[in-house]
Amino acid sequence: MRPDEFNYDRYLRACEDMDARAEGFHRGEFLPVMQWSLGPNTYSFDCRDPKRMLENQLDGITQTLAASNDQPPHLEPWHGIGVFAEAYGCPFEWGETDAPWTRTVVNDIEGLKRLEPPQIEQSALLRRVLETTEYFNEQTKGRVRIAPTDTQSPLSTMSLICDVTWMLTEAADYPEELHRVLDGLTGLIIAFSRRQRALCTLPASPGHTMWSPSLMHGISLSADMLALVGRDFYEEFGRPYDERIARELGGVGMHSCGRWHHNFEMVKSYENLSMIDLAISTAWDPGPAIPEKVAEAFGGTGIPVQARCDIADLAAIDMLIRADCRMIFSVFWDDSPAVRNRNYDLIKERFAAWKSGR
């Protein structure tokens, strides 16, 4: 869909309505159910072409507006997960049939010592993300919300820059060097994120795949190292930099794929934690979180928990609601409007039953 074909009035009315519904969330009076689409191939090969990506995303938003959904849709200038790694010299390869990827450049201590914080202008890919953001905003005349790019946490970005086996087995022997590079990388992420946000008339927070009505804040951090490393390692080399981003950018929404129950207690004690995001269904993740462990860690805390789920796991959905978790459910998109409406209603009915004591 071309930008001049998009129904902006309908979009803005829908976002206003969703923002109004969201007001009861932090009081436990509203359960968001997300069913939304960014169109085909946004997180794949079409990310190379900003024009095609914008048109695909506007198609997806139009479909979303016709669905039962509590997520105010936003655009996302997505050029892969390796944009900050590329800034540190990692070769970046565009896929013809898949998402782009980077290759590591550090496999020994000498390579780590050579790394210095780059300037934003020195990175072709960071410049490209800014150009795409500006293009999206100009083409829509600032009338559609725009999220930050898919920001990887500092430690996760380090796993793209460094050979991950070397980083986990030997880099910790050089903590001062590892902290030096992580500190510079964190500064780059903060500076870039501020610059990107300044280009958006209607910035969306936390953005990416997280629930982003106006009452939410901060930035989404994809932190898959939470699933890979133990608490001691993450406390030293991950948490300080995540929390610095949270302080500087108004909060963080923490996402990890896989099972990271062993780090739940650490993350829930983060300062300025906006929300967490995880999967509880294999439709989203082949190794999803165990719902009972999510309930045990986050029930009664008031911390927003976004669970990517499949309606086939309705028993787990019901259990999380009844555990008094402050849930947000992101349901796997179905092309059938009737199925989408049914899925939305089934979850809302479970919440209403719990609130009424049934």
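Every position in the sequence shown, counted from 1, becomes a number in my numbering once 9 is added.
Note that beta-carbon positions come from the ideal geometry of N, C-alpha and C, so glycine has one too.
When DSSP states are grouped into helix, strand and coil, residue 27 belongs to the helix group.
If you draw a 10 Å sphere on the C-beta of residue 224, you find fewer than 16 other C-beta atoms in it, and that means exposed. Exclusion of the five residues before and after residue 300 leaves 289, 325, 328, 329 as the residues of its chain whose Cβ lies within less than 7 Å of its Cβ.
Here the stretch 206-215 makes no contact with the stretch 244-254; the two share fewer than three CB pairs at distances below 8 Å.
Ranked by Cα distance from residue 268, the first of 236, 116, 74, 41 is 236. Looking at the DSSP output, residue 102 shares a beta bridge with 110.
Excluding sequence positions up to five before and after residue 233, its CB lies within less than 6 Å of the CB of 165, 265, 266, all in the same chain and listed in chain order.
Beyond the five residues adjoining it in sequence on each side, residue 169 comes within less than 6 Å, by CB distance, of 91, 94, 111 in the same chain, given in chain order. Your pair residue 363 and residue 317 does not check out as a contact, with CB atoms roughly 21 Å apart and the cut at 8 Å. Of all C-beta pairs linking the stretch 70-80 to the stretch 140-151, fewer than three are shorter than 8 Å, placing the two stretches out of contact. Between residue 284 and residue 313, the C-beta gap is smaller than 8 Å, which places the two residues in contact. Using a Cβ-Cβ distance cut-off of 8 Å, the stretch 47-64 and the stretch 185-198 are not in contact, since fewer than three pairs of beta carbons, one from each stretch, lie closer than that value. The distance from the Cβ of residue 258 to that of residue 202 is about 6 Å, consistent with a contact at the 8 Å cut-off. In this structure, residue 350 lies away from residue 320, with their beta-carbon atoms at least 8 Å apart. Between the C-alpha atoms of residue 251 and residue 261 there is a straight-line separation of about 8 Å.
Taking 4 residues as the shortest admissible run, the stretch 23-82 contains the following complete alpha helix (DSSP H) segments, listed from N- to C-terminal end: 59-74. Remark: fewer than three beta-carbon pairs, one from each stretch, lie closer than 8 Å, so the stretch 133-141 and the stretch 40-55 are not flagged as touching. With contacts defined by Cβ atoms closer than 8 Å, residue 87 and residue 159 form a contacting pair. Ranking 315, 103, 323, 341 by CA distance to the CA of residue 335 puts 315 first. In the three-state DSSP reduction, residue 128 falls in the coil class, being neither helix nor strand. Here the alpha carbon of residue 303 sits roughly 19 Å from the alpha carbon of residue 39. Minimum Cα-Cα distance from residue 238 among the listed residues 41, 263, 270 corresponds to 270.
Judged by their CB atoms, residue 221 and residue 83 are nearer to each other than the 8 Å cut-off.
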